[in-house]
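Just remember that the numbering used here sits 806 ahead of the position in the sequence shown, which is counted from 1. Cβ coordinates follow ideal geometry from the N, Cα and C atoms, glycine included.
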Amino acid sequence: MAWFKRTNKGIQTPTESKKEAPDGLWYKTPSGKIVHMRELRNNAYVSPEDDYHVRIGSKEYFEILFDGNKFTELDAELSSGDPLKFTDTKPYPARIVATQKKSGLTDALRSAVGKMNGKPLVVACMDFGFIGGSMGSVVGEKIARAINYSLKHKIPFLMISKSGGARMMEAGFSLMQMAKTSARLALLAEAKIPYISLLTDPTTGGVTASYAMLGDFNIAEPGSLIGFAGPRVIRETIGKDLPKGFQSAEFVQDHGFLDFIVDRRTLKSKLTTLLGMLE
807 MAWFKRTNKG IQTPTESKKE APDGLWYKTP SGKIVHMREL RNNAYVSPED
857 DYHVRIGSKE YFEILFDGNK FTELDAELSS GDPLKFTDTK PYPARIVATQ
907 KKSGLTDALR SAVGKMNGKP LVVACMDFGF IGGSMGSVVG EKIARAINYS
957 LKHKIPFLMI SKSGGARMME AGFSLMQMAK TSARLALLAE AKIPYISLLT
1007 DPTTGGVTAS YAMLGDFNIA EPGSLIGFAG PRVIRETIGK DLPKGFQSAE
1057 FVQDHGFLDF IVDRRTLKSK LTTLLGMLE
């Protein structure tokens, strides 16, 4: 005996009447787990089934860290120039304008000051959605100015890195930001103002080689890719296969370059405890 019997044969719903699920309603993690976006947002953008940390930007980090999502953005209008008159498939200024329209950002970093569990904090956060989170003149300048704000008001500084490295369209001007930001961080150290560096997925290139690894505490999110050159380049250079998990946050911590790894869901409380110890 059949458990199910269709009384009307064939699909009766016309194509024009079919309803599709809205785009962006679900998220699929690399392991294949499906999670509703509402549940993901309520869980600090961490998949509850496999603890996968979804890549997020400054908007989401500010929501997670600042009390009531209240903050004052610093130097919001800074935008890149074109010092080298660089052109690849399109002129650099045209690429900047197109990326600004698509991302809603002025450049690859936003900085802000607000309160985290009642304590003031300056946060500089990179956005991978803006030309791969590449480090250009504006990124370096905004970090330097955010550090100046921390120095002036004696407020702890948190740097959230997420970058593909230096911005090729600015060449030497981009590389200069490594020295510029490192020098400013030295002033922060002299003033004994805490600097915490949070490395997220991915943190590579000149960012790793400068401010991302200069924190009083260097911490990272689980599973983050952290390194200087990419695994393929290193493999081809040394002519050997790389160890399992190479350049993951866990591998980097095991080799002494990170102090600890923090789950994003506990990030705010862990940072509050850490800064409380440094007061």
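Inside the segment 972-1029 only - alpha helix (DSSP H) runs reaching at least 4 residues: If we require 4 residues or more, the alpha helix (DSSP H) runs fully inside the segment 972-1029 come out as 977-996, 1011-1014.
Range of the contiguous alpha helix (DSSP H) that encloses valine 1039: Its alpha helix (DSSP H) spans residues 1037-1044.
Which of the three DSSP states is assigned to serine 853 in this structure? Note: serine 853 maps to coil in three-state DSSP.
Identify the continuous beta strand (DSSP E) that holds valine 928 and give its terminal residues. DSSP places valine 928 in the uninterrupted beta strand (DSSP E) bounded by 925-932.
With a threshold of 16 other CB atoms inside 10 Å of the CB of valine 1068, please say whether the residue is buried or exposed. Label assigned to valine 1068: buried.
Helix, strand or coil, according to DSSP, for glutamate 879 in the structure here? In the structure shown, glutamate 879 sits in a strand (DSSP, three-state: E or B).
Inter-residue spacing [alpha-carbon to alpha-carbon] between valine 1039 and aspartate 1047: Cα-Cα distance, rounded: 11 Å.
Would you mind sorting asparagine 875 into buried or exposed? The rule is 16 or more other CB atoms within 10 Å of its CB. Asparagine 875 comes out exposed.
Tyrosine 833 bridges to which residues according to DSSP? Answer by DSSP bridge pairing, in chain order: Val841.
Put phenylalanine 1034 into one of helix, strand or coil per three-state DSSP. Phenylalanine 1034 falls in the coil class under three-state DSSP.
Between which two residues does the alpha helix (DSSP H) holding arginine 901 run? The continuous alpha helix (DSSP H) containing arginine 901 extends over residues 898-909.
So, at 6 Å on beta carbons, what are the nonlocal neighbours of proline 926 in its own chain, with the 5 sequence-adjacent residues on each side left out? Exclusion of the five residues before and after proline 926 leaves Ile961 as the residues of its chain whose Cβ lies within less than 6 Å of its Cβ.
Take every Cβ of the segment 940-953, pair it with every Cβ of the segment 976-988, and state whether three or more of those distances are shorter than 8 Å. In short, these stretches touch, since the Cβ pair count reaches three.
Who are the Cβ neighbours of leucine 981 in its own chain at under 7 Å, not counting the five residues just before and after it? Take leucine 981, set aside five residues on each side of it, and the residues of its chain with a beta-carbon closer than 7 Å to its own are Ala972, Gly1012, in chain order.
Indicate the three-state DSSP secondary structure (helix, strand or coil) for isoleucine 862 in the structure shown. DSSP places isoleucine 862 in coil when its eight states are reduced to three.
Leucine 1048 - partner residues in DSSP beta bridges: Its beta-bridge partners do not exist; DSSP assigns none.
If you check the beta carbons only, do phenylalanine 872 and glycine 920 fall under 7 Å apart? Contact flag set, yes.
Methionine 922 - containing beta strand (DSSP E), residue span: Per DSSP, methionine 922 belongs to the beta strand (DSSP E) from 915-922.
What are the boundary residues of the beta strand (DSSP E) that phenylalanine 963 is part of? Going by DSSP, phenylalanine 963 is part of the beta strand (DSSP E) stretching over 963-969.
DSSP three-state label for phenylalanine 868, please. The answer is helix: DSSP assigns phenylalanine 868 an H, G or I state.
Taking threonine 1009 as the reference, which of Arg1041, Met965, Ala977 has the closest Cα? Here the closest residue by C-alpha is Met965.
Thinking glycine 939 and alanine 914 are a contact (beta carbons under 8 Å), I'd like their distance in whole angstroms, please. The Cβ separation is near 5 Å, so the contact holds.
For lysine 998, the nearest candidate out of Asp894, Lys958, Met1019 (CA to CA): By alpha-carbon distance to lysine 998, the top candidate from Asp894, Lys958, Met1019 is Lys958.
Do you know whose CA, among Thr1014, Thr1006, Pro836, Ile1002, lies nearest phenylalanine 1023's CA? Scanning Thr1014, Thr1006, Pro836, Ile1002 for the CA closest to the CA of phenylalanine 1023 turns up Ile1002.
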